[in-house]
Structure formats: C-alpha cells, structure tokens
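See below for the structure under consideration.
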Amino acid sequence: MTVSERAAELFAAEHGRAASAVWSAPGRVNLIGEHTDYNDGFVLPMAIPHRAAVAVGPREDRKLVSATLGDDGELHRSEEVVVDELRPGSPSGWSAFPAGVAWALREAGHPVPGLNLMIVGDVPTGAGLSSSHALQCAVALALLDHLGLAPGEPDAPSLAEIARLVQRSENDYVGAPTGLLDQTASLRCVESNVLFFDVRSGEAEQVPFDPRSAGLELLVIDTRAKHSHSESGYGVRRKGCERAAELLEVKALRDVSAAQLPAALEQLPDELQPLVKHVVSENERVLSTVELLRSGGYAEIGPLLNASHASLRDDYRVSCLELDVAADAAVQAGALGARMIGGGFGGSAIALISSADRQRIESAVRSAFAERSLTEPRVFIAIPSAGGGRDL
Numbered sequence: 000m001t002v003s004e005r006a007a008e009l010f011a012a013e014h015g016r017a018a019s020a021v022w023s024a025p026g027r028v029n030l031i032g033e034h035t036d037y038n039d040g041f042v043l044p045m046a047i048p049h050r051a052a053v054a055v056g057p058r059e060d061r062k063l064v065s066a067t068l069g070d071d072g073e074l075h076r077s078e079e080v081v082v083d084e085l086r087p088g089s090p091s092g093w094s095a096f097p098a099g100v101a102w103a104l105r106e107a108g109h110p111v112p113g114l115n116l117m118i119v120g121d122v123p124t125g126a127g128l129s130s131s132h133a134l135q136c137a138v139a140l141a142l143l144d145h146l147g148l149a150p151g152e153p154d155a156p157s158l159a160e161i162a163r164l165v166q167r168s169e170n171d172y173v174g175a176p177t178g179l180l181d182q183t184a185s186l187r188c189v190e191s192n193v194l195f196f197d198v199r200s201g202e203a204e205q206v207p208f209d210p211r212s213a214g215l216e217l218l219v220i221d222t223r224a225k226h227s228h229s230e231s232g233y234g235v236r237r238k239g240c241e242r243a244a245e246l247l248e249v250k251a252l253r254d255v256s257a258a259q260l261p262a263a264l265e266q267l268p269d270e271l272q273p274l275v276k277h278v279v280s281e282n283e284r285v286l287s288t289v290e291l292l293r294s295g296g297y298a299e300i301g302p303l304l305n306a307s308h309a310s311l312r313d314d315y316r317v318s319c320l321e322l323d324v325a326a327d328a329a330v331q332a333g334a335l336g337a338r339m340i341g342g343g344f345g346g347s348a349i350a351l352i353s354s355a356d357r358q359r360i361e362s363a364v365r366s367a368f369a370e371r372s373l374t375e376p377r378v379f380i381a382i383p384s385a386g387g388g389r390d391l
C-alpha cells in the first residue's frame, strides 16, 4: 500500500467519509550544490521515491485539524486551530508545518477554509532528505486543489510561486531559515532527471540522470545522526554569507566568480573567508557536473562529489564524524565519489557507485560505523523520481 492509499484509508476511518483528494510530494537528494541556494546560486537536486501524502476534506467550521501516522504506528492528532487565528509560533511541534502552509496561503490572499488533513509519509525524518518540505509541499498542493487552484488550473500559482509560499511558511512560521532548494526539488523534479536550478533567475532545466543506464547507482547513507536547521549552525553560516556579501558590496555571493575569489578573500575577515570559498567553488562544481551529465559522463562526476564534501567539511564546517566516516568508507571501498548532503551536522551522505560494487561498499560502510561504535546507518538506493502530484 502506498502512503497515499494509506492516507486515504485513514482519512475515511477517522472522518467517516472519503477525502476530497490526496496529494503527495517527495523528499529529495541534492546531487551537488550545497548551501548555494540562499546565496542566489545553483543547485542540482533530484526527487526520491519516498513521499509525504496528504488527504484533505472540508469541515463545517473554520478550523484546521491535522493528524499524522507516526513512526510508532499510532495516529497523532493536532490541536484544533482556527485558520483566521493562525500566528507564527502557534501551534508548535509537527503541527506547525501544515498550519504554517495554511497561514502562508492565507497571508497571500487565498481564502483557506476549515479543513481536515490526514498525513502519511515514508521520507526518513532527520536524515537530511527534506521530510518537512515534502510534507509542506504536499499540504500546499492539497489546499490549493481544495480552492480550485491546483497546478494547471486557471489563475493557479506556478510551481515556483508555490515553492516560495512553502519557503515563507518554513522561514516565517516554523522559524527555520531555509533557502529554496528543497521546496523547488519536491515540486519540480521529474523522473530520470536532476533539476538544474538557478535560484536567482528561477530558470530550471531537467538534465537527464539515469545512473542505472551506465551500470551505476546513487547510494544514500542515512547516518542516523539527527540534525535540525533551526537549532544548528545553519543560521549562523547563512548570516555569515550575508555579511560577506555586504562587505564585498555584491547582492549575493553568487556574484563572486572563481577568478575574483582570491581578491575577494583579501577583503574579508578571517572567519568569513572559508564560507565564501565554499560557496564560490560549490557553484563552479555544480556547473561542471551539469556539463558532464549533459554529455553522459556520469562516472566522471565522482571527483566533484569528493571535492564538495571536502569543502563542506573543511571550509563550511558543517560535517560531523558520522558523515565523514560514511563518505570516506565508501570511497575507500571503491565508490566513484561521495559527499554529505543537506544542511549538515548529521543526516545523510551519498555515494556514486558501480552496481556491481554495491554489496561490498555497503558492507564497508557498516563496518566502519561499527568499528567506531556508531549507530548502524540506514542505506538505500536513490532513484530519480517525480515531483509532487495528485494521487487520488
């Protein structure tokens, strides 16, 4: 049973009638381009098969009531909140994610009515795979559909506009200073492609990426080291990038080219130099990866993945022991390249591997974790998948 089918089943059991619709949106893996999105740079994400599904139905009152199927197999219900009374900070906890989307839509002028929501997902939480954004994107699509504004309908907001609504929910309601990468990937990715996205211009290109056609696979290593954007050093680094851009008198670090980097670094205090070095070099790595993928050079992107991890570890300083162990063990066992993904301080790493080497590399990674008495990682293959859509 898919998560969408489960959401529909639970909605009917909870409310005694069928849901009006069920929408879902995926988690994501960012092939390369980390911490560049909030610097107006380039990113290269893909959607994964793991999804969050939302079944929606009307209420007679003006209340928004959500329920979610927890990892414990139990149904967790939110407090009942009046849509007109939604304010940042209340409700809190997991309920803030669907409530924040309703608030953002209301603030954008959409007349959000009272609704029942049933949420079911299988995107691993805390793994840096954007489970929260998958949930929020699915909620946004379901609410817009209920308003007659589903993608493709007359006067419906574009996917880019929906992504910005979800970003506002995350930034201003939930209180996490995220960029646009995750929402855009969850909404706009397509099967067998990565999304080459220019955050500043909004231009997007679907770049073919089917590793299996070249005998390769993209291995995801969930280290189970938990992280949280709103409680980590993510915000500190984002503010550091903004400060560096001010000192360099540019709109964003995207405006610093690789050729300009040495001179730019000389104008900055020591603590900001590594941040700028990472962002500028990471943008260059995204562009190089896209060129290789366009020509079918899948196996050739490995060194770029390795360089990205080194930069995130040494310059941006957002890695951790578990992420370093995962990346290093995979490469030493024969992976073509590996790097941490997501905001950092925990979560997941990816490794580009030969399909024939999968068992050996998985075993090497698990052994490396065991040798250091680390929690056994969760490992799976990421297949480039479709973005958000209506399922039922």
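For the sequence shown, the residue numbers in numbering that gives the first Met the number 0 are 0 to 391.
Where is the CB? At the ideal position from N, CA and C, for every residue including glycine.
Nothing here was measured: the structure is a model prediction, and the numbers come from that model.
Quiz item: Mind checking residue 250: buried by the 16 CB within 10 Å criterion, or exposed?
Solution: exposed
Quiz item: Would a C-beta distance cut-off of 9 Å place residue 209 and residue 44 closer than the cut-off?
Solution: no
Practice problem: Could you check what DSSP says for residue 312 in three-state terms: helix, strand or coil? | Solution: helix
Practice problem: Assign residue 27 to one of two classes, buried (16 or more other C-beta atoms within 10 Å of its C-beta) or exposed (fewer than that). | Solution: buried
Self-check item: Residue nearest to residue 275 in terms of C-alpha spacing, selected from 98, 35, 356
Solution: 35
Quiz item: Is the beta carbon of residue 324 sitting closer than 9 Å to the one on residue 222?
Solution: yes
Practice problem: Using a threshold of 9 Å, state whether the C-beta atoms of residue 109 and residue 74 are closer than that. | Solution: no
Quiz item: What's the C-alpha gap between residue 145 and residue 166?
Solution: 20 Å
Quiz item: Using the C-alpha atoms, what's the distance from residue 117 back to residue 171?
Solution: 24 Å
Practice problem: Using only alpha-carbon positions, find the residue among 214, 320, 140, 91 that is nearest to residue 355. | Solution: 214
Practice problem: State the Cα-Cα distance for the pair residue 388 and residue 3, rounded to the nearest angstrom. | Solution: 11 Å
Quiz prompt | Straight-line Cα distance separating residue 113 from residue 59 | solution = 7 Å
Quiz item: With a CB to CB cut of under 8 Å and the five nearest residues on each side skipped, what residues in its chain are close to residue 199?
Solution: 39, 40, 251, 253
Quiz item: From 168, 332, 318, pick the residue whose C-alpha is nearest to that of residue 103; which is it?
Solution: 168
Quiz item: Hey, is the stretch 50 to 65 in contact with the stretch 148 to 156, meaning 3+ C-beta pairs nearer than 8 Å?
Solution: no
Quiz item: If we call anything under 9 Å between Cβ atoms a contact, is residue 300 one with residue 247?
Solution: no
Quiz item: Among 202, 192, 362, 311, which one has its Cα closest to the Cα of residue 297?
Solution: 192
Practice problem: For residue 219, name the three-state secondary structure that DSSP assigns. | Solution: strand
Exercise. Let me know the secondary structure DSSP gives residue 361 once reduced to three states.
Key: helix
Self-check item: One or two residues paired with residue 45 in a DSSP bridge
Solution: 28
Quiz prompt | Inter-residue spacing [alpha-carbon to alpha-carbon] between residue 343 and residue 244 | solution = 22 Å
Quiz item: If you drop the 5 nearest sequence neighbours on each side, which residues of the same chain put their C-beta closer than 7 Å to that of residue 319?
Solution: 224, 344, 345
Practice problem: Determine which residues share a DSSP beta bridge with residue 207 and list them. | Solution: 192
Self-check item: Status (buried if at least 16 other CB within 10 Å, exposed otherwise) for residue 235
Solution: exposed
Quiz prompt | Given residue 384 as reference, the closest of 156, 29, 16 once Cα atoms are compared | solution = 29
Quiz item: Quick check: the stretch 121 to 137 against the stretch 87 to 99, are there 3 or more CB pairs under 8 Å?
Solution: yes
Exercise. Apply the 10 Å Cβ neighbour rule to residue 268 and answer buried if 16 or more other Cβ atoms are within range, or exposed otherwise.
Key: exposed
Quiz prompt | Among 174, 1, 137, 21, nearest to residue 186 - alpha-carbon criterion | solution = 137
Practice problem: Identify whether residue 60 lies in helix, strand or coil by the three-state DSSP scheme. | Solution: coil
Exercise. Find out if the Cβ-Cβ distance for the pair residue 32, residue 281 is shorter than 9 Å.
Key: yes
Exercise. Pull up the DSSP beta-bridge partners for residue 115, would you.
Key: 56, 64
Practice problem: List the residues that DSSP assigns as beta-bridge partners of residue 347. | Solution: 221
Quiz prompt | alpha helix (DSSP H) runs contained entirely in the stretch 84 to 108, provided each spans 4 or more residues | solution = 95 to 106
Quiz item: To the nearest whole angstrom, what separates the beta carbons of residue 54 and residue 25, a pair I think is in contact under 8 Å?
Solution: Contact flag wrong, Cβ pair sits at about 17 Å.
Self-check item: Reduced DSSP category for residue 229 - H, G, I as helix; E, B as strand; rest coil
Solution: Low local confidence applies: a pLDDT of 45 at residue 229 is under 50, so the model's placement there is unreliable, with the coordinate-based value given in what follows. It is helical.
Quiz item: Roughly how far, in whole angstroms, is the beta-carbon of residue 391 from the beta-carbon of residue 20, given that I think they are within contact range, below 8 Å?
Solution: 7 Å
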